[in-house]
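J.:
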Amino acid sequence: MKKVLVIMMVLLVVATGLSGCKTAKESDGNKVGLIISTLNNPFFVSLKEGAETKAKELGLELIVLDSQNDPAKELANMEDLLTQGVDVILINPTDSDAVGNAIKAANDKGIPVITLDRGANSGTVATHIASDNVAGGVMAGEYIVEMLGGTGKVVELEGIAGTSAARDRGQGFNDAIAETNLEVVAKQVADFDRTKGLSVMENILQAQPEIDAVFAHNDEMALGALRAIEASGRNILVVGFDATDDAVLSVEEGKMAATVAQQPSLIGSLGIDAAKKVIDGTTLDAFIPVALKLVTGDKSLDSGSIVEPPTIGLVLSTLNNPFFVTLKEGAEEKANELGAKLIILDSQNDPAKELSNMEDLITQGVDFILINPTDSDAVVNAIRAANTAGIPVITLDRGANSGTVVTHIASDNVAGGMMAGEYIVGLLDGAGKVVELEGIAGTSAARDRGQGFNDAIAGTDIEVVAKQVADFDRTKGLSVMENILQAQPEIDAVFAHNDEMALGALRAIEASGREIIVVGFDATDDAVVSVKDGKMAATVAQQPSLIGSLGVENAVMHLEGKTIEAYIPVELMLVTE
Numbered sequence: 001m002k003k004v005l006v007i008m009m010v011l012l013v014v015a016t017g018l019s020g021c022k023t024a025k026e027s028d029g030n031k032v033g034l035i036i037s038t039l040n041n042p043f044f045v046s047l048k049e050g051a052e053t054k055a056k057e058l059g060l061e062l063i064v065l066d067s068q069n070d071p072a073k074e075l076a077n078m079e080d081l082l083t084q085g086v087d088v089i090l091i092n093p094t095d096s097d098a099v100g101n102a103i104k105a106a107n108d109k110g111i112p113v114i115t116l117d118r119g120a121n122s123g124t125v126a127t128h129i130a131s132d133n134v135a136g137g138v139m140a141g142e143y144i145v146e147m148l149g150g151t152g153k154v155v156e157l158e159g160i161a162g163t164s165a166a167r168d169r170g171q172g173f174n175d176a177i178a179e180t181n182l183e184v185v186a187k188q189v190a191d192f193d194r195t196k197g198l199s200v201m202e203n204i205l206q207a208q209p210e211i212d213a214v215f216a217h218n219d220e221m222a223l224g225a226l227r228a229i230e231a232s233g234r235n236i237l238v239v240g241f242d243a244t245d246d247a248v249l250s251v252e253e254g255k256m257a258a259t260v261a262q263q264p265s266l267i268g269s270l271g272i273d274a275a276k277k278v279i280d281g282t283t284l285d286a287f288i289p290v291a292l293k294l295v296t297g298d299k300s301l302d303s304g305s306i307v308e309p310p311t312i313g314l315v316l317s318t319l320n321n322p323f324f325v326t327l328k329e330g331a332e333e334k335a336n337e338l339g340a341k342l343i344i345l346d347s348q349n350d351p352a353k354e355l356s357n358m359e360d361l362i363t364q365g366v367d368f369i370l371i372n373p374t375d376s377d378a379v380v381n382a383i384r385a386a387n388t389a390g391i392p393v394i395t396l397d398r399g400a401n402s403g404t405v406v407t408h409i410a411s412d413n414v415a416g417g418m419m420a421g422e423y424i425v426g427l428l429d430g431a432g433k434v435v436e437l438e439g440i441a442g443t444s445a446a447r448d449r450g451q452g453f454n455d456a457i458a459g460t461d462i463e464v465v466a467k468q469v470a471d472f473d474r475t476k477g478l479s480v481m482e483n484i485l486q487a488q489p490e491i492d493a494v495f496a497h498n499d500e501m502a503l504g505a506l507r508a509i510e511a512s513g514r515e516i517i518v519v520g521f522d523a524t525d526d527a528v529v530s531v532k533d534g535k536m537a538a539t540v541a542q543q544p545s546l547i548g549s550l551g552v553e554n555a556v557m558h559l560e561g562k563t564i565e566a567y568i569p570v571e572l573m574l575v576t577e
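Number 327 in my numbering belongs to position 327 of the sequence shown; there are no gaps in the numbering.
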């Protein structure tokens, strides 16, 4: 009996222990793995830190493993993460060929993979996030060509053979010097390593009596080469790649001539952002580029230190409207991608606050201002203040009736209003009584949407029995519609200049028990759900996130000296189900 009791107790303990265990693959949907090629390089340390900061911000668990520049260790790290049941794996490959086996292991387990800085030549990845290394190599090559007047003897120190970074930077550099009288007298691998850069350069200096410049595929090799050159007493131009702290300091001190500035912290941060989107089911672009710049000792080319990103101000009419919240998010995402600093201010639908926000940004010395006006007339003073200060301005979604702007980015609101009007005409067979709920008086959006709608119904037997301002606001849309319902016994349809007013009107209609078609404008999440639920009939779909993204993108392009079109339209469509 004692023996039976002991066995039962053992089984109970084992069962209890097992019940508290999770399988290796269980996850809460927030676990991300990050495999770094090496943490013995400050560039990848910065990449790791950027990922850690963003993971903490998004509430993700991040597991970081170091491959120590060993493909075998890299594969073991991948297998370790697969055992730990991560949801997404970020990998900075040791070698673009060798990493294929590691990525395929993740593919076999159905775990999405994102490559960072260096690409993979095989296996399936959700996206690749990196600087445009070919463009960076061209940038370095063109600088050396300029410094040497198109003639001279140069050395190229190559990164780890087989990595996409080494291949692409070398390609860009050689493309840049191809049509010049520059001769590459030595080209040798130094594995992205400072010590190897030193020893390789010592050997090249002994073998080559004439060297005018060195291009190294990263700053670690460039700094090693510089040390060898200084010891030799020769005067040779050195250009690196990455803009690590040590390299930027060397440029400031007049030792290295230049370095191509990557943003490793941003690469890590964007990697985590992308991982979160994958977890949430969002499809990513195949390649997410990260902007580059050249850091030199010439004050006319940059600040003489690590290049400061452009600072862009974004003044929004209100953040109490989901459309403008989405616009803001699109701007933030593009600013992160391009390495721009974004300062966001909310005007709370108050022109006086809008002017104050503009003055605040001017005082802060921003490089560019994006503004979504509260009112097309009232915004003029704010825009003229920026014009006087010499700060370029772009208007978003709503235009300005005066003042100078670089461009206006918006949907074609007239076409959208016409789209809504034609849809209502079709549903009512060209005859009926309709209500128009108008946006904030004086805004281009209200004016243009109203114009398009009225143009569409002009030749029909549709009668507008009420037209009233509800300021793009859901609560006002509700109260205005309640009053109209009391005053108008016959109403067949409502067109609201935005979804917030449409949703407010819908609530009043539902409370009245009447059957009335409601069409809105913007395709906000709430409106689209209402359409799918068969409550609202339709909404005109804008793309607020794209408007914000294009705003930042065109601001950066203008600052780079590129020509921008006076009007940039954003496509519309009608959501009916």
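Where is the CB? At the ideal position from N, CA and C, for every residue including glycine.
Return the CA-CA distance between Arg384 and Ala378, expressed in angstroms with no decimal places.
T.: Position 384 of the sequence shown holds residue 384. Position 378 of the sequence shown holds residue 378. Between Arg384 and Ala378, the C-alpha separation is close to 11 Å.
J.: Might you give, ordered along the chain, the residues of its own chain that have their beta carbon closer than 6 Å to the beta carbon of Ala335, omitting 5 neighbours on each side?
T.: Working through the sequence shown from its first residue, we reach residue 335 at position 335. The answer, listed in chain order, is Leu342, Val552.
J.: Give me the DSSP bridge partner(s) of Asp461.
T.: As a working mapping, residue 461 is identified with position 461 in the sequence shown. Ala431.
J.: Which runs of the beta strand (DSSP E) spanning at least 3 residues fall entirely within the region 353-380, listed in chain order?
T.: 368-371
J.: Could you check whether Ile509 and Met536 sit closer than 8 Å to each other, using their CB atoms as the reference points?
T.: Taking the first residue of the sequence shown as 1, we reach residue 536 at position 536. Taking the first residue of the sequence shown as 1, we reach residue 509 at position 509. For Met536 and Ile509, no; Cβs fall outside 8 Å.
J.: Please work out which residues of its chain come closer than 8 Å, Cβ to Cβ, to Leu301, disregarding the five sequence neighbours upstream and downstream, and give them in chain order.
T.: If you number the sequence shown from 1, residue 301 lands on position 301. Note that Leu301 scores a pLDDT of 38, beneath 50, so its modelled location is shaky; the value from the coordinates is reported in the next line. Answer for Leu301: Leu294, listed in chain order.
J.: Opposite Gln188 in the DSSP bridges: which residues?
T.: In the sequence shown, residue 188 corresponds to position 188, counting from 1. Its beta-bridge partners are Leu157.
J.: Could you tell me which residues DSSP puts in a beta bridge with Ala493?
T.: By one-based count along the sequence shown, residue 493 stands at place 493. For Ala493, which the question treats as bridged, DSSP gives the partners Val434, Ile517.
J.: What does the Cβ neighbour count give for Glu438, buried or exposed, with the cut at 16 atoms within 10 Å?
T.: One-based indexing of the sequence shown puts residue 438 at position 438. Burial state of Glu438 is buried, judged by a 10 Å Cβ sphere holding 16 or more other Cβ atoms.
J.: Could you check how far apart the C-beta atoms of Leu327 and Asp397 are, in whole angstroms? I think they sit under 8 Å.
T.: Within the sequence shown, the letter at position 327 stands for residue 327. Within the sequence shown, the letter at position 397 stands for residue 397. Sure, about 7 Å apart at Cβ, within 8 Å.
J.: Counting pairs of Cβ atoms below 8 Å between the region 120-129 and the region 87-101, do you hit three or more?
T.: yes
J.: Report the rounded CA-to-CA distance for Val406 versus Val556, giving the unit in angstroms.
T.: As a position in the sequence shown, residue 406 is number 406, starting the count at 1. As a position in the sequence shown, residue 556 is number 556, starting the count at 1. C-alpha separation (whole angstroms): 12 Å.
J.: Which of the three DSSP states is assigned to Pro289 in this structure?
T.: Against the sequence shown, residue 289 aligns to sequence position 289. Here Pro289 sits in strand by DSSP.
J.: Return the first residue and the last residue of the alpha helix (DSSP H) that Thr53 is part of.
T.: The residue labelled residue 53 in the question sits at position 53 within the sequence shown. Taken as a continuous stretch (DSSP letters only), the alpha helix (DSSP H) holding Thr53 covers 42-58.
J.: Measure the alpha-carbon distance for Met573 versus Gln543 and round it to whole angstroms.
T.: For the purposes of this step, residue 573 is identified with residue 573 of the sequence shown, where counting begins at 1. For the purposes of this step, residue 543 is identified with residue 543 of the sequence shown, where counting begins at 1. Distance between the alpha carbons of Met573 and Gln543 is about 10 Å.
J.: Suppose the cutoff is 6 Å on Cβ atoms and the five residues either side in sequence are ignored; what does the same chain contact list for His128 look like?
T.: Here residue 128 refers to the residue found at position 128 when the sequence shown is read from its first residue. For His128, where only same-chain residues beyond five positions count, the Cβ hits under 6 Å are Thr115, Gly119, Phe287.
J.: Just to confirm, are Leu370 and Ile312 a CB contact at a threshold of 8 Å?
T.: Here residue 370 refers to the residue found at position 370 of the sequence shown. Here residue 312 refers to the residue found at position 312 of the sequence shown. Against a cut-off of 8 Å, the Cβ pair of Ile312 and Leu370 comes out as a contact.
J.: For Ala216 versus Leu148, is the C-beta spacing smaller than 8 Å?
T.: Numbered from 1 along the sequence shown, position 216 holds the residue referred to as residue 216. Numbered from 1 along the sequence shown, position 148 holds the residue referred to as residue 148. Cβ distance not < 8 Å, so Ala216 and Leu148 don't count as in contact.
J.: With three or more C-beta pairs closer than 8 Å as the rule, is the region 136-152 touching the region 273-283?
T.: Three or more Cβ pairs closer than 8 Å define a contact, and the region 273-283 falls short of that threshold against the region 136-152.
J.: Roughly how many whole angstroms lie between the Cα atoms of Ala165 and Gly159?
T.: For the purposes of this step, residue 165 is taken as residue 165 along the sequence shown, with counting starting at 1. For the purposes of this step, residue 159 is taken as residue 159 along the sequence shown, with counting starting at 1. Approximately 8 Å, taken between the alpha carbons.
J.: Among residues of its own chain, excluding the 5 on either side of Met291, which ones have a beta-carbon nearer than 6 Å to its beta-carbon?
T.: Taking the sequence shown and counting its residues from 1, the one referred to as residue 291 is at position 291. First, the residue type needs correcting, since residue 291 is Ala and not Met in the sequence shown. Only Leu338, Gly339 meet the Cβ criterion.
J.: Please list, in chain order, all residues of the same chain as Ala538 whose beta carbon is under 8 Å from its beta carbon, the five residues on each side excluded.
T.: Walking along the sequence shown from the start, residue 538 turns up at place 538. Correct list, in chain order: Ala420, Tyr423, Val519, Gly520, Val531, Leu574, Val575, Thr576.
J.: Below 8 Å between beta carbons: does that hold for Val138 and Gly172?
T.: Numbered from its first residue, the sequence shown carries residue 138 at position 138. Numbered from its first residue, the sequence shown carries residue 172 at position 172. Yes. Within cutoff.
J.: Taking the C-alpha atoms as reference points, what is the distance between Met78 and Pro322?
T.: In the sequence shown, residue 78 corresponds to position 78, counting from 1. In the sequence shown, residue 322 corresponds to position 322, counting from 1. When rounded, the distance between both Cα atoms is 40 Å.
J.: Am I right that Leu34 and Lys48 are in contact with their C-beta atoms under 8 Å? What's the rounded C-beta distance?
T.: Here the question's residue 34 lines up with position 34 in the sequence shown. Here the question's residue 48 lines up with position 48 in the sequence shown. About 7 Å; that satisfies the 8 Å criterion.
J.: If you drop the 5 nearest sequence neighbours on each side, which residues of the same chain put their C-beta closer than 8 Å to that of Pro105?
T.: In the sequence shown, residue 105 corresponds to position 105, counting from 1. Correcting the residue type first, residue 105 is Ala in the shown sequence and not Pro. Cβ within range, chain order: Leu75, Met78, Glu79, Leu82.
J.: Hey, would you say Phe44 sits closer than 8 Å to Pro289, going by beta carbons?
T.: Numbered from 1 along the sequence shown, position 44 holds the residue referred to as residue 44. Numbered from 1 along the sequence shown, position 289 holds the residue referred to as residue 289. Going by C-beta atoms, Phe44 is not nearer than 8 Å to Pro289.
J.: Determine the contact status of Glu436 and Lys476, defining contact as a CB-CB distance below 8 Å.
T.: Here residue 436 refers to the residue found at position 436 of the sequence shown. Here residue 476 refers to the residue found at position 476 of the sequence shown. Cβ atoms of Glu436 and Lys476: not closer than 8 Å.
J.: Tell me which residues share the same chain as Lys31 and place their Cβ nearer than 6 Å to its Cβ, disregarding the 5 neighbours each side in the sequence.
T.: Within the sequence shown, numbered from 1, the residue matching residue 31 stands at position 31. Glu61, Val86, Asp87.
J.: Report the partner residues of Tyr567 according to the DSSP bridge assignment.
T.: Translated into the one-based positions of the sequence shown, residue 567 becomes position 567. According to DSSP, Tyr567 bridges with His408.
J.: In chain order, what are the residue ranges of uninterrupted beta strand (DSSP E) at least 3 long that sit wholly in the region 219-298?
T.: Listed in chain order, the complete beta strand (DSSP E) runs (minimum 3 residues) inside the region 219-298 are 237-242, 258-261, 287-290, 293-296.
J.: Measure the Cβ-Cβ separation of Thr404 and Pro373 and say whether it is below 8 Å.
T.: On the sequence shown, position 404 is the one that residue 404 refers to. On the sequence shown, position 373 is the one that residue 373 refers to. No. Outside cutoff.
J.: For Ser269, collect the residues of the same chain with a Cβ closer than 8 Å to its Cβ; drop the 5 residues on either side in sequence, then sort them by chain order.
T.: Here residue 269 refers to the residue found at position 269 of the sequence shown. Excluding residues within five positions, the ones whose Cβ falls inside 8 Å are Gly50, Ala51, Thr53, Lys54, Asn336.
J.: Excluding the 5 residues flanking Ile462 on each side, which residues of the same chain have their C-beta closer than 6 Å to its C-beta?
T.: For the purposes of this step, residue 462 is taken as the residue at position 462 of the sequence shown. Excluding sequence neighbours, Ile462 sits near Gly432, Val434.
J.: Residues bridged to Ser131 by DSSP?
T.: Indexing the sequence shown from 1 puts residue 131 at position 131. Val290, per the DSSP bridge assignment.
J.: In this structure, does DSSP put Ala470 in helix, strand or coil?
T.: To locate residue 470, count along the sequence shown from 1; it is residue 470. Here Ala470 sits in coil by DSSP.
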